[in-house]
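Asks:
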Amino acid sequence: MDKGHSNDDMVHLTEKIIGAAIEVHRVLGPGYAESVYEEAMATELTLKDIPFERQKKIRLNYKGHVVGEGRLDLFVDNKVIVELKAIDCISAIHTAQLLSYLKMINMSLGLLINFNVSTLRQGIKRVILSK
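Counting from 1 along the sequence shown, just add 142 to a position and that's the residue number in the numbering used here.
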């Protein structure tokens, strides 16, 4: 995984993030806007004492010039990017977006979580950037 982060630590952290998402989905279920799930995830991560940043702005540099930017829904413990969705299904463009974010901040693990599903396990996708 990322430099300085053991595989066991990353597995444990992603399990905690997924556990928080399962709890949010258990309480709210599908059918709300992405912003509602982001607020609920922020609440759940706070209750579980898991550090995170919301809507973290990141910049893409090209030869010393900023040529683009993005915003991470959640950046958990400075280790895992979490992109939240409330859509019919996760598509290749969502995975590509998360991979781009991983490259931009030199991280290797992200989670795509789609809350618009009957069982949350169907809406979770781990995305790993090979370095």
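Built from N, CA and C at the ideal position, the CB exists for glycine as well. Bear in mind that the values here come from a model prediction, so they are computed numbers and not experimental data.
1. Roughly how many angstroms separate the alpha carbons of Asn203 and Ile270, rounded to a whole number?
2. By how many angstroms is the C-alpha of Glu180 removed from the C-alpha of Ser242?
3. At the level of alpha carbons, what is the spacing between Asn149 and Ile223?
4. What are the boundary residues of the beta strand (DSSP E) that Val208 is part of?
5. Near Glu195, which residues of its chain fall below 6 Å by C-beta distance, leaving aside the five closest residues on each side in sequence?
6. Can you check whether the CB of Lys267 is closer than 7 Å to the CB of Ile232?
7. Near Gln197, what residues of its chain come up, given a Cβ to Cβ distance below 6 Å and the 5 sequence neighbours on each side ignored?
8. Near Lys245, what residues of its chain come up, given a Cβ to Cβ distance below 7 Å and the 5 sequence neighbours on each side ignored?
9. Report the option in Ile247, Leu262, Asn248 whose CA atom is closest to the CA atom of Leu274.
10. Can you give the Cα-Cα distance for Val208 and Ile200, rounded to whole angstroms?
11. Closer than 8 Å by C-beta to Thr237: which residues in its own chain qualify, once you throw out the five before and the five after it? Chain order, please.
12. Quick one: is Ala175 buried, meaning 16 or more other Cβ sit within 10 Å of its Cβ, or exposed?
Replies: Checking against the coordinates, here is how it stands:
1. Whole-angstrom Cα-Cα distance: 21 Å.
2. 21 Å
3. 16 Å
4. Residues 207-218.
5. Phe217
6. yes
7. Arg213
8. Leu271.
9. Only positions 143 to 273 of the chain appear in this structure, which leaves residue 274 out of reach.
10. 10 Å
11. Leu254, Lys267, Val269
12. exposed
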